[in-house]
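Each number in this note's numbering corresponds to the 1-based position in the sequence shown with 3 added. For each residue, glycine too, the CB sits at the ideal point set by N, CA and C. Owing to the predicted nature of the structure, the values given are computational and were not obtained by experimental measurement.
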Amino acid sequence: MVVRIRLARFGKRNAPFYNIVVAHARTARNSKPLEVLGTYDPIPKPPRPGDEGGRPWKDIKLDTSRAKYWLGVGAQPSDPAWRLLSMAGLLEPRYRVAQIQEEKAKLEPSAAAETSAAAAKA
């Protein structure tokens, strides 16, 4: 059976709180998981005292050794879980804006060169 790493929602209305869990793919979102790997609080917290940047932060707590184990045995992360695991450094980011822009820039000049070469032959 397929195993997924996903988020299970807890908390109140307008105050979400998520557990990062390992569960069978066909079970309900908040059903009993195989294992709880950590927590994620998406509500931004105020900047910490003495922080130069002064940016709000979101709380992510993750058992990295267990997450590595489940990824190693083939657990498939959902899209939000993939984003959180990439922030923790366990996975490569799925989408990199700079990488997509570079690929797009590489394709545009080659397509323009092909059309100009076709026009020169005609």
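Contact between Ile23 and Leu37 does not hold, since the beta-carbon distance rounds to 12 Å and is not under 8 Å. Note on geometry: alpha-carbon atoms of Lys109 and Ile103 lie some 10 Å from one another. Per the Cβ contact rule, the region 39-47 is in contact with the region 56-63 (3 or more Cβ pairs under 8 Å).
Secondary structure of Glu55 (DSSP, three-state): coil.
Taking C-beta separations shorter than 7 Å and ignoring five residues to either side along the sequence, the partners of Val25 in its chain run Val6, Ile8, Pro36, Leu37, Glu38, Leu40, Trp73 and Ala78, following chain order. Looking at the DSSP output, Lys71 shares a beta bridge with no other residue. Ranked by how close their Cα comes to the Cα of Asn33, the residues Pro49, Arg12, Phe20 and Pro52 have Arg12 in first place. Within the DSSP secondary-structure output, Thr42 pairs in a beta bridge with Asn22 and Lys64.
Using a Cβ distance threshold of 7 Å, Leu94 and Leu88 count as a contacting pair.
Contact between Pro59 and Pro52 is absent: CB atoms are separated by about 13 Å, not below the 8 Å threshold.
The shortest CA-to-CA distance from Gly92 to any of Val76, Ala70 and Ala101 is the one to Ala70.
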